[in-house]
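Peer 1: Following this message is one structure expressed as structure tokens.
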Amino acid sequence: MFWSAFLVIYFVLSKALPGLRWEKPDLAWLFLTGPLMFVVFTITSINKNYRLRRFGDPVLLFSLLPNISSVNASIKYILWRLAAGFLVMALINPQLGSKMSEAKVRGIDIMLAVDVSNSMMAEDLKPNRLTLATRSIEKLLEKLHGDRIGIVVFAGQAFVQLPITNDYSAGKLFLSSISPNIVPVQGTAIGAAIDLSLESFDFETPAQKVIIVITDGENHEDDPLASAKAASDKGVKVYTIGMGSTDGTPIPNYDRGRKDGFLKDREGTIVMSRLNEEMLEDIADAGNGSYIRASNAEVGLKPLLAELNSIEKTEMGSVSYSEYEDRFQLFLALALAFLLLEFFIRERKGKIAREVNLFD
Numbered sequence: 001m002f003w004s005a006f007l008v009i010y011f012v013l014s015k016a017l018p019g020l021r022w023e024k025p026d027l028a029w030l031f032l033t034g035p036l037m038f039v040v041f042t043i044t045s046i047n048k049n050y051r052l053r054r055f056g057d058p059v060l061l062f063s064l065l066p067n068i069s070s071v072n073a074s075i076k077y078i079l080w081r082l083a084a085g086f087l088v089m090a091l092i093n094p095q096l097g098s099k100m101s102e103a104k105v106r107g108i109d110i111m112l113a114v115d116v117s118n119s120m121m122a123e124d125l126k127p128n129r130l131t132l133a134t135r136s137i138e139k140l141l142e143k144l145h146g147d148r149i150g151i152v153v154f155a156g157q158a159f160v161q162l163p164i165t166n167d168y169s170a171g172k173l174f175l176s177s178i179s180p181n182i183v184p185v186q187g188t189a190i191g192a193a194i195d196l197s198l199e200s201f202d203f204e205t206p207a208q209k210v211i212i213v214i215t216d217g218e219n220h221e222d223d224p225l226a227s228a229k230a231a232s233d234k235g236v237k238v239y240t241i242g243m244g245s246t247d248g249t250p251i252p253n254y255d256r257g258r259k260d261g262f263l264k265d266r267e268g269t270i271v272m273s274r275l276n277e278e279m280l281e282d283i284a285d286a287g288n289g290s291y292i293r294a295s296n297a298e299v300g301l302k303p304l305l306a307e308l309n310s311i312e313k314t315e316m317g318s319v320s321y322s323e324y325e326d327r328f329q330l331f332l333a334l335a336l337a338f339l340l341l342e343f344f345i346r347e348r349k350g351k352i353a354r355e356v357n358l359f360d
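Note that the sequence shown covers residues 1 to 360 in full-length UniProt numbering.
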């Protein structure tokens, strides 16, 4: 019941003040520790009475110990719980919106072309090339501000997985569904991926445009150099990130989601997948971009971000937002006040209380 009052305060304030928000609402679960505190206090009291009974009747013993005040002990407990409750309120930190502000958003348009062919399941990068690539893209999205992104997936064909948007959460959602099964035709058509990425841009907007191709470079279908050159002619830079090792590694075969040996060719020989760095360097050169090689330790985010940040940002619009001011100070002050009161109240009676015996 005691801590329920704080939960009521929490919800009443949330409803009564439209401009109120809680900075850390996930900490509201701390209110649930109230019953645990009550149980600890009850067990402590029972244990104290049990030890007193070993020496005689507790009522008689209290009368023989006039300096001990059970009332003070209860008051200290209540003050301590009040302090803890207001401290939790301060930790959750109520905030009030003081005014609306507007900020200009500047950025570039980025299309990510992700290779989802079977060779991207090779495990020369851990846990495999494709998983490392998608995780790296997630980290990239966390570091972008104001830029718009889109995703193209490709193997033997290319498909738009996510049209260009400034919704990074949508990007992360679509990344979670990427696998070799998402494209029905196997192979590696890098040129088609660049062409489709180029078509996905809105060239009526003045924003600078960039294509980032993430692949092992084993192209079997088309002429990616011509596609990269066509993109460059339209002012779009093409960057490539190489996934894998040049030594070559087998490609795991999966049966119903379980690893079942390695992929083999028609002659029964295990297929080895190798990073084609020369191809990816040539694509980047043709696209007026840069080539970055991924590794387990460094996927290339730092140099890639440096390249992206060097590109001139264009105003993409503006966003309105509320500026919030912290209001935890009142709750923190109350918590400290109750803690001070609890500290100065002794379990022993004062001189006047002993003489008057007002409470016990």
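In this text, a Cβ means the ideal position worked out from N, Cα and C, and glycines have one as well.
Mapping the DSSP letters down to three states, classify Asn357 as helix, strand or coil.
Peer 2: Translated into the one-based positions of the sequence shown, residue 357 becomes position 357. In this predicted model, Asn357 has a pLDDT of only 48, less than 50, meaning its place in the structure is not dependable enough to derive any value.
Peer 1: Distance check for His145 and Ile137, CA to CA, integer angstroms please.
Peer 2: As a working note, residue 137 is residue 137 in the sequence shown. As a working note, residue 145 is residue 145 in the sequence shown. Between Ile137 and His145, the C-alpha separation is close to 14 angstroms.
Peer 1: Taking 9 angstroms as the threshold (C-beta atoms), are Asp147 and Ile194 in contact?
Peer 2: The residue given as residue 194 occupies position 194 in the sequence shown. The residue given as residue 147 occupies position 147 in the sequence shown. Against a cut-off of 9 angstroms, the Cβ pair of Asp147 and Ile194 comes out as no contact.
Peer 1: Under a Cβ-count criterion, where at least 16 other Cβ atoms within 10 Å of its own Cβ denotes burial, should Lys234 be classed as buried or exposed?
Peer 2: As a position in the sequence shown, residue 234 is number 234, starting the count at 1. Exposed, since its Cβ has fewer than 16 Cβ neighbours within 10 Å.
Peer 1: Rounded to the nearest angstrom, how far is the Cβ of Ile164 from that of Met111, given a contact under 8 angstroms?
Peer 2: Residue numbering aside, residue 164 sits at position 164 when the sequence shown is read from its first letter. Residue numbering aside, residue 111 sits at position 111 when the sequence shown is read from its first letter. With a Cβ gap of about 7 angstroms, Ile164 and Met111 count as contacting.
Peer 1: Can you tell me whether DSSP reads Lys126 as helix, strand or coil?
Peer 2: Taking the sequence shown and counting its residues from 1, the one referred to as residue 126 is at position 126. Coil at Lys126, not helix or strand.
Peer 1: Report the option in Leu340, Ala113, Leu341 whose CA atom is closest to the CA atom of Phe159.
Peer 2: Looking up residue 159 in the sequence shown gives position 159. Closest by alpha carbon: Ala113.
Peer 1: May I ask which residues mark the beginning and end of the alpha helix (DSSP H) holding Pro224?
Peer 2: Locating residue 224 in the sequence shown gives position 224, where the first residue counts as 1. From DSSP, the alpha helix (DSSP H) with Pro224 extends over 224-233.
Peer 1: First and last residue of the beta strand (DSSP E) that includes Pro303?
Peer 2: Locating residue 303 in the sequence shown gives position 303, where the first residue counts as 1. Premise fails: Pro303 lies in the alpha helix (DSSP H), 301-310, not in any beta strand (DSSP E).
Peer 1: When DSSP labels each residue in this structure, what does Val41 get in the three-state scheme?
Peer 2: Along the sequence shown, read from residue 1 onward, the residue named residue 41 stands at position 41. As written in the sequence, residue 41 is Phe, which differs from the Val given in the question. Helix.
Peer 1: Look at the alpha carbon of Thr246 and the alpha carbon of Asn276, and state the distance between them as a whole number of angstroms.
Peer 2: The count along the sequence shown starts at 1 and reaches residue 246 at position 246. The count along the sequence shown starts at 1 and reaches residue 276 at position 276. Thr246 and Asn276: Cα-Cα distance of roughly 7 angstroms.
Peer 1: Here's a check: name, in chain order, each residue in its chain whose Cβ is nearer than 6 angstroms to the Cβ of Lys229, leaving out the five neighbours to either side.
Peer 2: The residue labelled residue 229 in the question sits at position 229 within the sequence shown. Once the five neighbours on either side are set aside, the close Cβ partners of Lys229 are Ala286.
Peer 1: Given Leu263, which residues of its chain have a CB within under 8 angstroms of its CB, disregarding the five upstream and five downstream residues?
Peer 2: As a position in the sequence shown, residue 263 is number 263, starting the count at 1. Within the same chain, Leu263 has close Cβ partners Asn118, Pro250, Ile251, Pro252, Asn253, Ile270, Val271.
Peer 1: Going by beta-carbon coordinates alone, are Ala335 and Ala133 separated by less than 9 angstroms?
Peer 2: Within the sequence shown, residue 335 is the residue found at index 335, counting from 1. Within the sequence shown, residue 133 is the residue found at index 133, counting from 1. With a cutoff of 9 angstroms on beta-carbon distance, Ala335 and Ala133 are scored as not near each other.
Peer 1: Does the segment 86-95 come close enough to the segment 324-331 that 3 or more CB-CB pairs lie under 8 angstroms?
Peer 2: The segment 324-331, when compared against the segment 86-95, does touch it at the 8 angstroms Cβ threshold.
Peer 1: Give the DSSP-derived three-state secondary structure of Ser163 in the structure shown.
Peer 2: Walking along the sequence shown from the start, residue 163 turns up at place 163. Just to set this straight, residue 163 is Pro in the shown sequence, not Ser. Strand.
Peer 1: Among all the DSSP beta bridges, which residues are the ones paired with Met272?
Peer 2: In the sequence shown, the residue the question calls residue 272 occupies position 272. Met272 is bridged by DSSP to Pro250.
Peer 1: In terms of residues, what are the limits of the beta strand (DSSP E) holding Asp202?
Peer 2: As a first step, residue 202 must be located in the sequence shown, where it is residue number 202. Per DSSP, Asp202 belongs to no beta strand (DSSP E) and is neither H nor E.
Peer 1: Pull the bridge partners of Phe154 from the DSSP assignment, please.
Peer 2: Taking the sequence shown and counting its residues from 1, the one referred to as residue 154 is at position 154. Answer by DSSP bridge pairing, in chain order: Asp115, Ala158.
Peer 1: Using beta-carbon positions only, say whether Ser96 and Leu17 come within less than 9 angstroms of one another.
Peer 2: The count along the sequence shown starts at 1 and reaches residue 96 at position 96. The count along the sequence shown starts at 1 and reaches residue 17 at position 17. Residue identity differs from the one stated: residue 96 is Leu in this sequence, not Ser. Yes; because the gap between Cβ atoms is below 9 angstroms, this pair is in contact.
Peer 1: Taking a contact to mean a Cβ-Cβ separation below 9 angstroms, would you say Pro184 touches Thr314 in this structure?
Peer 2: Translated into the one-based positions of the sequence shown, residue 184 becomes position 184. Translated into the one-based positions of the sequence shown, residue 314 becomes position 314. No, the Cβ-Cβ distance between Pro184 and Thr314 is not below 9 angstroms.
Peer 1: Could you give the DSSP three-state label for Pro25: helix, strand or coil?
Peer 2: Within the sequence shown, residue 25 is the residue found at index 25, counting from 1. The three-state reading of DSSP puts Pro25 in helix, counting H, G and I together.
Peer 1: Based on Cα-Cα distance, which residue from Ala73, Thr44, Asn93 lies nearest to Leu13?
Peer 2: As a first step, residue 13 must be located in the sequence shown, where it is residue number 13. The shortest C-alpha separation from Leu13 is found at Asn93.
Peer 1: Do Ile212 and Leu125 count as a contact pair if the criterion is CB distance below 9 angstroms?
Peer 2: On the sequence shown, residue 125 is found 125 positions in, with the first residue counted as 1. On the sequence shown, residue 212 is found 212 positions in, with the first residue counted as 1. Not closer than 9 angstroms, so no.
Peer 1: Quick one: what does DSSP say Leu332 is sitting in, helix, strand or coil?
Peer 2: Translated into positions along the sequence shown, residue 332 becomes position 332. Of the three classes helix, strand and coil, the one that applies to Leu332 here is helix, per DSSP.
Peer 1: Give the straight-line distance between the Cα atoms of Glu199 and Ile214, rounded to the nearest whole angstrom.
Peer 2: The residue you call residue 199 lines up with position 199 of the sequence shown. The residue you call residue 214 lines up with position 214 of the sequence shown. Their backbone Cα atoms lie some 18 angstroms apart in a straight line.
Peer 1: Any heavy atom of the ligand PLP closer than 8 angstroms to the CB of Val40?
Peer 2: Summarising the ligand content, the structure contains no ligands, and the ligand PLP is consequently not present.
Peer 1: Please work out which residues of its chain come closer than 8 angstroms, Cβ to Cβ, to Ile292, disregarding the five sequence neighbours upstream and downstream, and give them in chain order.
Peer 2: Within the sequence shown, residue 292 is the residue found at index 292, counting from 1. Correct list, in chain order: Tyr239, Thr240, Ile241, Gly242, Gly300, Pro303, Leu304.
Peer 1: Taking only the alpha-carbon atoms, compute the straight-line gap between Ile151 and Gly171 and give it to the nearest angstrom.
Peer 2: Working through the sequence shown from its first residue, we reach residue 151 at position 151. Working through the sequence shown from its first residue, we reach residue 171 at position 171. Each residue's Cα considered, the two are about 8 angstroms apart.
Peer 1: Would you report the Cα separation of Ser227 and Met120, rounded to the nearest angstrom?
Peer 2: Counting from one through the sequence shown, the residue named residue 227 turns up at place 227. Counting from one through the sequence shown, the residue named residue 120 turns up at place 120. If I take the Cα positions, the gap works out to 22 angstroms.
Peer 1: Is residue 366 near Lys237, with beta carbons less than 9 angstroms apart?
Peer 2: Residue 366 is absent from the structure shown; the chain starts at 1 and stops at 360.
Peer 1: May I have the straight-line CA-CA distance separating Phe201 from Glu325, to the nearest angstrom?
Peer 2: Residue 201 sits at position 201 when you count from the first residue of the sequence shown. Residue 325 sits at position 325 when you count from the first residue of the sequence shown. Cα to Cα, the separation comes out at about 40 angstroms.
Peer 1: One question on the structure: do Glu221 and Ala189 come within less than 9 angstroms of each other, judged by their Cβ atoms?
Peer 2: By one-based count along the sequence shown, residue 221 stands at place 221. By one-based count along the sequence shown, residue 189 stands at place 189. When the beta-carbon positions are compared, Glu221 and Ala189 come within less than 9 angstroms of each other.
Peer 1: For Thr131, which residues does DSSP report across the bridge?
Peer 2: Here residue 131 refers to the residue found at position 131 of the sequence shown. Its beta-bridge partners do not exist; DSSP assigns none.
Peer 1: Let me know the secondary structure DSSP gives Pro35 once reduced to three states.
Peer 2: Here residue 35 refers to the residue found at position 35 of the sequence shown. Reduced to three states, the DSSP call for Pro35 is helix.
Peer 1: Would you call Pro25 buried or exposed, if buried means 16 or more other Cβ atoms sit within 10 Å of its Cβ?
Peer 2: As a position in the sequence shown, residue 25 is number 25, starting the count at 1. With fewer than 16 other Cβ atoms inside 10 Å of its own Cβ, Pro25 counts as exposed.
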